[in-house]
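Enquirer: Below is a structure I'd like to ask you about.
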Amino acid sequence: MGRAKPWWADGDDQEPAQADWQIIPPEVEFADELAFLAGFDDGPRPAGWRLTPAAVVTFVLGSDGPLKSGRTRMTISPKYVGERGLVERCVVTLAGSRGLLLVGEPGTAKSMLSELLSVGICGTGALTVQGTAGTTEDQLRYGWNYALLLAEGPSQAALVPSPVMTAMRRGAVARIEEITRCLPEVQDALVSLLSERRISVPELGDETVYANKGFAVIATANLRDRGVSEMSAALKRRFNFEHVDPISDRDAEVALVTRRTEQALADTGAAQSVDAAVVEVIVTVFRDLRSGHTGEGWSVERPSTILSTAEAVAVSSAVALTGAWFPNRGDRLRDIPGQLLGVVHKDDGDDAARLLGYWDVAVKRRADAGGAGNPWRTLWEARGQLEGTAR
Numbered sequence: 018m019g020r021a022k023p024w025w026a027d028g029d030d031q032e033p034a035q036a037d038w039q040i041i042p043p044e045v046e047f048a049d050e051l052a053f054l055a056g057f058d059d060g061p062r063p064a065g066w067r068l069t070p071a072a073v074v075t076f077v078l079g080s081d082g083p084l085k086s087g088r089t090r091m092t093i094s095p096k097y098v099g100e101r102g103l104v105e106r107c108v109v110t111l112a113g114s115r116g117l118l119l120v121g122e123p124g125t126a127k128s129m130l131s132e133l134l135s136v137g138i139c140g141t142g143a144l145t146v147q148g149t150a151g152t153t154e155d156q157l158r159y160g161w162n163y164a165l166l167l168a169e170g171p172s173q174a175a176l177v178p179s180p181v182m183t184a185m186r187r188g189a190v191a192r193i194e195e196i197t198r199c200l201p202e203v204q205d206a207l208v209s210l211l212s213e214r215r216i217s218v219p220e221l222g223d224e225t226v227y228a229n230k231g232f233a234v235i236a237t238a239n240l241r242d243r244g245v246s247e248m249s250a251a252l253k254r255r256f257n258f259e260h261v262d263p264i265s266d267r268d269a270e271v272a273l274v275t276r277r278t279e280q281a282l283a284d285t286g287a288a289q290s291v292d293a294a295v296v297e298v299i300v301t302v303f304r305d306l307r308s309g310h311t312g313e314g315w316s317v318e319r320p321s322t323i324l325s326t327a328e329a330v331a332v333s334s335a336v337a338l339t340g341a342w343f344p345n346r347g348d349r350l351r352d353i354p355g356q357l358l359g360v361v362h363k364d365d366g367d368d369a370a371r372l373l374g375y376w377d378v379a380v381k382r383r384a385d386a387g388g389a390g391n392p393w394r395t396l397w398e399a400r401g402q403l404e405g406t407a408r
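Be aware that the sequence shown starts at 18, since it is given in this note's numbering, and climbs by one per residue.
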């Protein structure tokens, strides 16, 4: 008699369908838009590019309305919220085959912008190296299949190209995440790649891989996290720096947080709608604490923790999902303090006291100023969740 499968092994062990992927890459999710834009704008484009520079910008930022190509009309969805000038400068840098370095605070969507630019230019954002203290020079250049290497010696079959080498061969975009976390010798290898545009493989004799037209590198770095080592002056000269700032437009941030929260609810199949008042309050709190002052002009102490839009999405989604999964908890506004504390109280123990201070200044004043149905009054009544955490 066969042994019964455990409850967690009821599946057929098949690869999940695309609809079940946790993250759908942009080249798959927006394949129709990419195909449309390729035919919509038939103007000149840099060698190796699938879209014109203008079409890449449209792919990233979206169109104002439906575009027409032949008999087909399509509205391009906005995927990144930011300044148009920033995206255009990024595209111009890459069109000139110069390195692009996106720098900014954590959570400002640098990686998202990097991936979207790559997809728009060459059709994929997967040629990526994740920078860490353990990243090696091989991960930028090439490695070996050691089983084949031992059995046959150095050969093309045994060579394992890095994402950067693959991008050079294809004339595509290579992405390097958290470049400042890489050790100096790894950064030095990148200097050589960006200067010479070729990789020699001495193990294969005179084998050299040359970069085809279209090859470019996009790197990202956090301003708050200086990483393992400072970038050398030589490496900095190979990049154009672009600072990616938090979303300046409040309405745009509210719309983005709302859209991402709706997606989080849809992914769970929960029959629940997004509470606009909850999103408004969360975005307002984040913007107040991020800037150190409120819209009314009141000064508040800024926590040491980065309060990015990505964190606002996480808090909003958590509050919405709590309401969906535990519908008897009551007003979802009361779930905000606990979720905020989980974001703020990470590195500095005093941040909990700063959050409580914000409650006693901004939340209380807004609670006192509003009438019936004032969400800030409900938020003030939930202050007890923060007591005992401050020191």
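C-beta atoms are modelled at their ideal positions from N, C-alpha and C, and glycine is treated no differently.
Counting pairs of Cβ atoms below 8 Å between the region 162-170 and the region 112-130, do you hit three or more?
Expert: Because the criterion of three Cβ pairs below 8 Å is not met, the region 162-170 and the region 112-130 do not touch.
Enquirer: Use the C-beta contact count for TYR163: other C-beta atoms within 10 angstroms, 16 or more gives buried, fewer gives exposed.
Expert: When all chains shown are included, TYR163 counts as exposed.
Enquirer: Which runs of the beta strand (DSSP E) fall wholly inside the region 141-227 and span at least 3 residues, in chain order?
Expert: 145-147, 159-161, 176-178, 190-194, 215-218, 224-227, all fully within the region 141-227.
Enquirer: From ASP223 to SER217, what distance separates their C-alpha atoms?
Expert: Using only the alpha carbons, I get a separation of about 8 Å.
Enquirer: With a cut-off of 8 Å on the beta carbons, I'd call PRO171 and LEU221 a contact; round off their distance for me.
Expert: The Cβ separation is near 6 Å, so the contact holds.
Enquirer: Of the residues SER265, SER334, ARG187, which one's Cα is nearest the Cα of THR275?
Expert: Per the Cα distances, SER334.
Enquirer: By DSSP's criteria, PHE258 is part of a beta bridge. Which residues make up the other side?
Expert: According to DSSP, which records beta bridges pairwise, PHE258 is partnered with LEU118.
Enquirer: Below 8 Å, how does it come out for the region 288-297 and the region 146-156: are there three or more Cβ pairs, yes or no?
Expert: Output reads no: the region 146-156 does not touch the region 288-297.
Enquirer: Tell me whether ARG408 is buried or exposed, calling it buried when 16 or more other Cβ atoms sit within 10 Å of its Cβ.
Expert: Caution applies to ARG408, whose pLDDT of 48 falls short of 50 and renders its modelled position unreliable; the value that the coordinates give is listed next. The residue in question, ARG408, is exposed, as its Cβ has fewer than 16 Cβ neighbours within 10 Å.
Enquirer: Would a C-beta distance cut-off of 8 Å place ASP368 and SER321 closer than the cut-off?
Expert: A contact, by the Cβ cut-off of 8 Å.
Enquirer: Whole angstroms is fine: what's the gap from ALA184's alpha carbon to VAL45's?
Expert: Spanning the two alpha carbons is a distance of roughly 19 Å.
Enquirer: For the alpha helix (DSSP H) that contains THR311, what are its first and last residues?
Expert: Per DSSP, THR311 belongs to no alpha helix (DSSP H) and is neither H nor E.
Enquirer: Between GLY82 and THR92, how many whole angstroms is the CB-CB distance? I'm expecting something under 8 Å.
Expert: Contact flag correct, Cβ pair sits at about 6 Å.
Enquirer: Kindly list the residues whose CB is nearer than 6 Å to the CB of ILE40, restricted to its own chain and excluding five residues on each side of it in sequence; keep chain order.
Expert: So no residue of the chain qualifies.
Enquirer: Counting only the same chain and skipping the five closest in sequence on each side, list residues whose C-beta sits under 8 Å from that of MET248.
Expert: Only ILE196, THR197, GLN204, ALA238 meet the Cβ criterion.
Enquirer: Provide the residue span of the alpha helix (DSSP H) that contains ILE235, from first to last.
Expert: Not the alpha helix (DSSP H): ILE235 falls in the beta strand (DSSP E), residues 233-239.
Enquirer: Confirm, please, whether the CB-CB distance from ALA379 to TRP300 is below 8 Å.
Expert: The sequence shown places Val at residue 300, not Trp. No; because the gap between Cβ atoms is not below 8 Å, this pair is not in contact.
Enquirer: Compare the C-alpha of ARG67 against each of SER131, ALA55, LEU200, GLY60 and name the closest.
Expert: Taking only the C-alpha atoms, the option nearest ARG67 is ALA55.
Enquirer: Could you have a look at THR322 and say whether DSSP puts it in helix, strand or coil?
Expert: THR322: coil per DSSP, three-state reduction.
Enquirer: Can you round the beta-carbon distance between PHE76 and GLU50 to whole angstroms, since I take them to be within the 8 Å contact cut?
Expert: Their Cβ separation, rounded to whole angstroms, is 6 Å, which keeps PHE76 and GLU50 in contact under 8 Å.
Enquirer: On the premise that VAL108 lies in contact with PRO70, defined as a C-beta separation below 8 Å, what is that separation, rounded to the nearest angstrom?
Expert: 5 Å between Cβ atoms; contact.
Enquirer: Please classify GLY388 as buried or exposed, where buried requires at least 16 other C-beta atoms within 10 Å of its C-beta.
Expert: Its Cβ having fewer than 16 others within 10 Å, GLY388 is exposed.
Enquirer: Would a C-beta distance cut-off of 8 Å place VAL336 and GLN356 closer than the cut-off?
Expert: Yes; because the gap between Cβ atoms is below 8 Å, this pair is in contact.
Enquirer: Would you mind stating whether THR339 and ASP352 have Cβ atoms separated by less than 8 Å?
Expert: In this structure, ASP352 lies closer than 8 Å to THR339 by Cβ.
Enquirer: Anyone know if the C-beta pair for GLU194 and SER128 falls short of 8 Å?
Expert: For GLU194 and SER128, yes; Cβs fall inside 8 Å.
Enquirer: By how many angstroms is the C-alpha of LEU240 removed from the C-alpha of PHE256?
Expert: Straight-line Cα distance between these residues: approximately 16 Å.
Enquirer: Tell me where the alpha helix (DSSP H) around LEU396 begins and ends.
Expert: Per DSSP, LEU396 belongs to the alpha helix (DSSP H) from 392-398.
Enquirer: Within the region 55-94, note down every full beta strand (DSSP E) run reaching 3 residues or more, in order along the chain.
Expert: Qualifying beta strand (DSSP E) stretches, in chain order: 84-86, 89-91.
Enquirer: Using C-beta distances below 6 Å, list every residue in its chain close to THR311, excluding the 5 sequence neighbours before and after it, in chain order.
Expert: Same-chain partners within the cutoff: ASP305, ALA379.
Enquirer: Sort out for me which residues DSSP pairs SER316 with in a bridge.
Expert: Its beta-bridge partners are HIS310.
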